[in-house]
Amino acid sequence: MSKEKIQICEDLYDIMPPEYQDMVENATYGKEGRGWKDIGESKELIEQHSLCAGCPEAIAFRYVLASLPNPENTVMVGSTGCTSLVFPHVAVHNIHSLFGNQNAVASGLARALKVRFPDVQKDVVVLAGDGATVDIGLDMTMQSWFRGEKFTTICFDNELYANTGGQESGLMQKGFVAKMAPVGKLFDKVRLPEIAREAGCHYVACLTVSKPQRVEKALRNAIFVAREFGPTYIQLYTPCILEIGKQSMEGLDEMKSAETVGGRFVFKEYMTDAVKDFLADLEAKEKAQKKTAKKPVTA
Amino acid sequence: MNKKAAVGNKRIIASTHVKLGQKNKKGQTYTDPNRFFFETPGTANFLTGSEVIREAIKRASIDMSVAYPITPQSEAAALIGELYAEGYMGDYFRGESEFAVMSQCAGAAFGGARVFTTTAGPGTMRAFENFPMWAGARLPIQVCVTCRGINSPLSIQPDTLELYFLLETGMLIWHAETAQDLFDFILKGFVVAEQPDVHLPIAVCCDGFFVTHTKDTVMLPPDDVCLPPYDPYKSPVVCMDMECPPVRTMRDPFVMKSNYISYAAHATWQQEMRAACDRSRKHTISLLDGLIDAENTDREILIVASGTAVSQGREAIRLLEQEGVKVGLVKIKSLRPFPTQEVREATKNAKHIFVPEFNMAGWLAREVQAVIPDNHRVVAGPRVGGGMTLPSEVIVEEIKKRLGMKVATLASRGS
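Laid out in structure tokens, this is it:
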């Protein structure tokens, strides 16, 4: 798509909303090497968010959208939950249909786009909460991995059902007292990253969103691998500060403590050997490119 | 059998697709629907309903199909897979459940593909959450529903109860009587459902086994013609392929705020869906030669039916005619939109209106009762369920009983 598809007809320019004008002028569609560092310097692909003040999910959304390597040809699939409150403000095509069917929708979508645009790389990215990914939608999440569907699944893991008011979820920690777990959750946090690895994901990463550089890297890896190999999965800890009794400014601390040694979200990555080689190649190429770009122009 | 559709000046809006007249990779020529339906001579074939579904899809230029096994649609779904292997569509796969399959169809339709799938009975119920979503998202997916029983104890037999559940999903619902209907409805269904002023999902329904597993004579156009492809850019909502501006484009009216504007937005969206369903009437009338077929509606006794109950009614009329009782017939082809005006007009002379059905609920009788004046004229029956056949003699008896004529009891019949 790049920017030519969003150009405004000259005669109508002045009546278009300023956010749209800003997007045409300053958004990073089609920009090589776009990433989290563009945040605040260019028009972001997320206009506003309608989440709670200080919600880590909001910043996770910004990092994800800033890091998409190909937003001009990326379609996102969401599900019901807090994420679905943000998607209407996102400047890539996105689908909400039902609760839990996101990986089924993405399977149909990715295949249809392949049929319709055989020569264009269209990326499909699923982004849903842990209730949608692990509980109600686990069947469809895993079946899409079994089938080797070529798209990335991102789970915003806040360890509970946030949008409905803090009920127990499969990714909740054992023992946590929540609505519908009145005496504490009785079973362990579901090990979805390991399940993903065994179910056929070629690249899996589990991390918090405390470090934007790391989120960017994991997302780009996941999308590039999905194009070449098959399904990829990223689990991001985006704590629900409201439901775990934290203040607006405490989200970052919560993530940092969860990723320290022995925490639930110590950074982990799984990949196949073929993917390891592929990513090493990719990194070498990117480094070489940067080196060339840095060379002084000799006139 | 079927009343021959009068070509006359009936026309559907001509296709303007750029590929019209070109050949696809199977050598089929993309053909304007008017030419395809009204001017292409057909030849007689003796086929099962499942094979008829294959023959329709072979000519339907679909992009994708998703399949899942459930009797009695499994054979048709597998035959579509064979068409995929032969190169007649871009993609085909087996989903993991009907709920997933209908979501996979949704994803493909959101991405601008023409999509076809089939389901039946418990599968329809399993998939159910998707159908109002399809309609609300304005996805012109076609699902062929080969009706079968849904209650416990387990049954695989024909029973049209699931159709009752489908009526208020916002989809177009057509009910085929015969294999010929099934062939015509599938192909014509794509054309009507994809009209820009309609753009809704369509369920083309038939009675399982009675239609899917019996052989019937069907007129088929040659297989070197096919429908023009779907053009997703004529959709009234945005195609999710990032080929047009992506600003705040969530396609369904996703409104979670508790205020008047959000309620009104949702209410008008639902009204518009239903208006779109009504707007399909003009296209359907052109293609199906009306939402109903009516025969001898000047008579005081009428049978109103849909699906294979029409065939049983037709035979009952022949039997009654031998005894000097004259009965007219109304065959309802489109259940959504419901042919309200047509049914009122067709039943205006009737004193007794019989509605035979293959389900225990009697939903068609209720539909008819809801739209006609003096609805005490409606006799909601006879009805059978669970895969029981509905012998024409049972309809004959029901009518004779109502008229105060002497009837042989069921037990004494044949003795």
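Top line first, the protein sequences correspond to chains Y and W. The opening residue of the first sequence carries number 183 in my numbering; numbering runs sequentially from there. The opening residue of the second sequence carries number 201 in my numbering; numbering runs sequentially from there. Note that beta-carbon positions come from the ideal geometry of N, C-alpha and C, so glycine has one too.
Taking its Cβ as the centre, do 16 or more other Cβ atoms sit within 10 Å of residue i, making it buried, or is it exposed?
| i | result |
| --- | --- |
| Arg544 (chain W) | exposed |
| Val414 (chain W) | Note that residue 414 (chain W) is Thr in the sequence shown here, rather than Val. By the neighbour-count rule (16 or more Cβ atoms within 10 Å), Thr414 (chain W) is not buried but exposed. |
| Pro200 (chain Y) | exposed |
| Asp220 (chain Y) | buried |
| Glu425 (chain Y) | buried |
| Gly427 (chain Y) | exposed |
| Leu279 (chain W) | buried |
| Gly312 (chain W) | buried |
| Gly524 (chain W) | exposed |
| Lys225 (chain W) | exposed |
| Leu194 (chain Y) | exposed |
| Pro364 (chain Y) | exposed |
| Cys191 (chain Y) | exposed |
| Thr508 (chain W) | buried |
| Leu361 (chain W) | buried |
Quick one: which chain W residues come within Cβ less than 7 Å of residue i?
| i | result |
| --- | --- |
| Gln230 (chain Y) | Going along chain W, no residue has its Cβ under 7 Å from Gln230 (chain Y), so there is no contact; the nearest lies around 10 Å. |
| Val297 (chain Y) | Asp263, Met264, Gly290, Asp291 and Ala313 |
| Ser279 (chain Y) | Ser303, Ala306, Met333 and Ala337 |
| Ile188 (chain Y) | Pro445 |
Looking only at its own chain, which residues have a Cβ that is under 6 Å from the Cβ of residue i, when we skip the five neighbours before and after it?
| i | result |
| --- | --- |
| Gln569 (chain W) | Asn575 and Val578 |
| Ile386 (chain W) | Ala256 and Val404 |
| Lys526 (chain W) | Arg499 |
| Val315 (chain W) | Met264, Cys305, Ala308, Ala309 and Ile341 |
| Ser326 (chain Y) | Asn285 and Ser289 |
| Met324 (chain Y) | Ala381 |
| Ile501 (chain W) | Val527 and His552 |
| Phe243 (chain Y) | Ile228 and Val268 |
| Lys304 (chain Y) | Asn255 and Leu295 |
| Ala185 (chain W) | A query on residue 185 (chain W) cannot be resolved here, the shown segment of chain W reaching from 201 to 615 and no further. |
| Lys187 (chain Y) | none |
Give a yes or no on whether the minimum CB-CB distance between residue i and chain W is below 8 Å.
| i | result |
| --- | --- |
| Thr256 (chain Y) | yes |
| Ser261 (chain Y) | no |
| Gly347 (chain Y) | no |
| Asp148 (chain Y) | Residue numbering for chain Y in the displayed model covers 183 to 481; residue 148 (chain Y) lies beyond these limits and cannot be assessed. |
| Val274 (chain Y) | yes |
| Gln395 (chain Y) | no |
| Gln325 (chain Y) | yes |
Just the chain Y side, please: which residues come within less than 9 Å of residue i by C-beta, in chain order?
| i | result |
| --- | --- |
| Asn330 (chain W) | Ser279, Leu280 and Asn283 |
Return the chain-ordered list of same chain residues with a C-beta closer than 7 Å to the C-beta of residue i, the five sequence neighbours on each side being excluded.
| i | result |
| --- | --- |
| Ala314 (chain Y) | Ser261, Thr262, Gly263, Phe281, Gly282 and Gln284 |
| Leu342 (chain Y) | Gly348, Gln349, Glu350, Ser351, Met354, Ala360, Cys422 and Glu425 |
| Gly221 (chain W) | Thr229 and Tyr230 |
| Leu487 (chain W) | Ile212, Phe237, Lys388, Val391 and Val392 |
| Cys444 (chain W) | Val438 |
| His266 (chain W) | Reading the sequence as shown, one finds Val at residue 266 (chain W) and not His. If we look at Val266 (chain W) and ignore the five residues flanking it on each side, its Cβ neighbours are Phe293, Gly295, Val301, Gln304, Cys305 and Thr317. |
Are any of the Cβ atoms in chain Y nearer than 8 Å to that of residue i?
| i | result |
| --- | --- |
| Met450 (chain W) | Here Met450 (chain W) scores only 49 on pLDDT, less than 50, and its place in the model should not be relied on; the value that follows carries that caveat. Answer yes: the Cβ-Cβ gap between Met450 (chain W) and chain Y drops below 8 Å somewhere. |
| Asp416 (chain W) | no |
| Phe365 (chain W) | no |
| Ala565 (chain W) | no |
| Leu472 (chain W) | Residue 472 (chain W) is actually Glu in this sequence, not Leu. So, not an interface residue. |
| Ala300 (chain W) | yes |
| Glu593 (chain W) | no |
| Asn202 (chain W) | Summary for Asn202 (chain W): the model assigns pLDDT 41, below 50, so the residue's position carries little reliability; its value from the coordinates is reported in the next sentence. Not an interface residue. |
| Glu296 (chain W) | yes |
Just the chain W side, please: which residues come within less than 9 Å of residue i by C-beta, in chain order?
| i | result |
| --- | --- |
| His384 (chain Y) | None at all; the shortest Cβ gap to chain W is about 19 Å. |
| Ala294 (chain Y) | Asp263, Met264, Gly290, Asp291, Gly307, Ala308, Ala309, Phe310, Gly311, Gly312, Ala313, Val315 and Asp441 |
With a CB to CB cut of under 8 Å and the five nearest residues on each side skipped, what residues in its chain are close to residue i?
| i | result |
| --- | --- |
| Pro453 (chain W) | No answer about Pro453 (chain W) holds up, because its pLDDT of 43 lies below 50 and its placement is not dependable. |
| Glu436 (chain Y) | Pro238, Pro421, Ile423, Ile426 and Lys428 |
| Phe365 (chain W) | Thr324, Met325 and Phe328 |
| Arg379 (chain Y) | Val386 and Tyr452 |
Mind pulling the chain W residues with CB within less than 8 Å of residue i?
| i | result |
| --- | --- |
| Leu291 (chain Y) | Gly307, Ala308, Phe310, Gly311 and Met440 |
| Gln203 (chain Y) | In chain order: nothing, as chain W lies at least about 11 Å away. |
| Val287 (chain Y) | Ser303, Gln304, Ala306, Gly307 and Phe310 |
| Ala235 (chain Y) | In chain order: nothing, as chain W lies at least about 18 Å away. |
| Lys304 (chain Y) | Asp441 and Met442 |
Is any non-hydrogen atom of the ligand COA found closer than 7 Å to the C-beta of residue i, if you look at the structure I gave you?
| i | result |
| --- | --- |
| Trp218 (chain Y) | Ligands in the displayed structure: none, and consequently the ligand COA is not present. |
Could you say if the stretch 234-244 of chain W and the stretch 418-428 of chain W meet the contact criterion of at least three C-beta pairs nearer than 8 Å?
yes
Determine, using beta-carbon pairs with one atom in the stretch 386-398 of chain Y and one in the stretch 308-322 of chain Y, whether at least three such pairs fall under 8 Å.
no
Whether or not the stretch 376-383 of chain W and the stretch 348-362 of chain W are in contact is what I'm after, with contact meaning three or more pairs of Cβ atoms, one per stretch, closer than 8 Å; do they touch?
no
State whether the stretch 226-241 of chain Y contacts the stretch 271-281 of chain Y, with contact taken as three or more CB pairs (one from each stretch) at a distance under 8 Å.
yes
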